[in-house]
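Below is one structure; the comments refer to it alone.
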Amino acid sequence: MAQIAFIGLGNMGGPMARNLLAAGHGVAVFDLNEAALAGMAEAGARVAGSSRVAVEGAEVVITMLPAGAHVEAVYLASEDQACLLDQLPTGTLLLDCSTIAAETARSLAAAAAQRGLAMLDAPVSGGVGGAEAGTLTFMVGAMAPRWIVHARCWKPWEKTSFTPGRRGPARSPRCAITCSSPCS
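In the numbering used here, the protein residues as written are 629 to 812.
Right under this line is the structure:
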């Protein structure tokens, strides 16, 4: 099973992280909401005091945040913190499931690639019910091999989409090919 850092435990992220735990993955979590962290601790997650601590030892980092500014604040340098991307070892997979602008996704993917990291733009469809049931649809902008290599992480979510042979944001309805269960 994979070691996963999950940042953002709101209405969508909380259930997604719980499904990863239920599938047996090691999950470290971070969120600004203390109640969300307490609930994840009860579910068996390792609670971290910051995103920098959450990603320690992670093979995969998943973000599910309210907006592009929040995603940029997690990954890029700011006045009060160093660049999180610089902390991650080469080969770490970054999966952003937030709803963000295509240009933000492109700039983050470029910053990650400069550091030997793969960042997949993977917005989801299915709402809170889909997150809870593990039936979200992912629209992933990435080369297929990176997606397939980490397929064991997606099994708890069951229904997925990906874009083989295309890098960049998955923000166009025409860029997704739906797969019913690539993890079985």
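Glycine included, each C-beta is placed from N, C-alpha and C at the ideal position.
Bear in mind that the values here come from a model prediction, so they are computed numbers and not experimental data.
Stretch-stretch touch, CB-based, cutoff 8 angstroms, three pairs: the stretch 678–698 with the stretch 651–666: yes
Helix, strand or coil at GLN709 [DSSP, three-state]: Residue 709 sits at position 81 when you count from the first residue of the sequence shown. Three-state result, GLN709: strand.
N-terminal and C-terminal residue of the alpha helix (DSSP H) that VAL702 is part of: For the purposes of this step, residue 702 is taken as the residue at position 74 of the sequence shown. Here the alpha helix (DSSP H) through VAL702 covers 696–703.
SER679 vs LEU637 beta-carbon contact at 8 angstroms: Residue 679 sits at position 51 when you count from the first residue of the sequence shown. Residue 637 sits at position 9 when you count from the first residue of the sequence shown. Contact: no.
DSSP state of GLY685 mapped onto helix, strand, coil: Indexing the sequence shown from 1 puts residue 685 at position 57. Three-state result, GLY685: coil.
Pairwise C-alpha distance: VAL688 and SER726: On the sequence shown, residue 726 is found 98 positions in, with the first residue counted as 1. On the sequence shown, residue 688 is found 60 positions in, with the first residue counted as 1. Roughly 15 angstroms separates the two Cα atoms.
MET640 beta carbon less than 8 angstroms from that of ALA759: For the purposes of this step, residue 759 is identified with residue 131 of the sequence shown, where counting begins at 1. For the purposes of this step, residue 640 is identified with residue 12 of the sequence shown, where counting begins at 1. Closer than 8 angstroms, so yes.
Neighbourhood of GLN715 by C-beta, 7 angstroms cutoff - its chain only, sequence neighbours within 5 removed: Taking the sequence shown and counting its residues from 1, one reaches residue 715 at position 87. Cβ neighbours of GLN715 beyond the five flanking positions: ARG680, VAL683.
Best match in GLU662, ALA630, ALA664 for proximity to LEU648 [C-alpha to C-alpha]: Stepping through the sequence shown from its first residue, residue 648 is reached at position 20. That would be ALA630, whose Cα lies nearest to the Cα of LEU648.
THR765 - partner residues in DSSP beta bridges: Working through the sequence shown from its first residue, we reach residue 765 at position 137. Residue pairing by DSSP puts THR765 in a beta bridge opposite SER753.
Continuous beta strand (DSSP E) stretch holding GLY654: start and end: Along the sequence shown, one-based indexing puts residue 654 at 26. Unbroken beta strand (DSSP E) run through GLY654: 654–658.
When VAL756, ALA676, TYR703 are compared against GLY642, the one with the closest alpha-carbon: For the purposes of this step, residue 642 is taken as the residue at position 14 of the sequence shown. The shortest C-alpha separation from GLY642 is found at VAL756.
Among ALA666, LEU736, ALA663, ALA761, the one whose alpha carbon lies nearest that of ALA705: Counting from one through the sequence shown, the residue named residue 705 turns up at place 77. For the residues ALA666, LEU736, ALA663, ALA761, the minimum Cα distance to ALA705 belongs to LEU736.
C-beta atoms of THR720 and VAL699 nearer than 8 angstroms: What you label residue 720 is simply residue 92 of the sequence shown in a count that begins at 1. What you label residue 699 is simply residue 71 of the sequence shown in a count that begins at 1. Not closer than 8 angstroms, so no.
First and last residue of the uninterrupted beta strand (DSSP E) at LEU723: Within the sequence shown, the letter at position 95 stands for residue 723. Annotation for LEU723: the continuous beta strand (DSSP E) segment containing it runs 721–724.
Close Cβ partners of ALA710 (< 6 angstroms) along its chain, the five nearest in sequence each way excluded: Here residue 710 refers to the residue found at position 82 when the sequence shown is read from its first residue. Answer for ALA710: no residue qualifies.
Contact under 8 angstroms by Cβ, LEU723 with ILE690: For this step, residue 723 is matched to residue 95 along the sequence shown. For this step, residue 690 is matched to residue 62 along the sequence shown. It is a contact, given that the beta carbons lie within the stated cut-off.
Same chain, Cβ closer than 7 angstroms to SER645, five either side skipped, listed in chain order: Looking up residue 645 in the sequence shown gives position 17. It should be noted that the sequence gives Ala, not Ser, for residue 645. Excluding residues within five positions, the ones whose Cβ falls inside 7 angstroms are PHE634, LEU637, VAL655, VAL657, MET668, ALA673.
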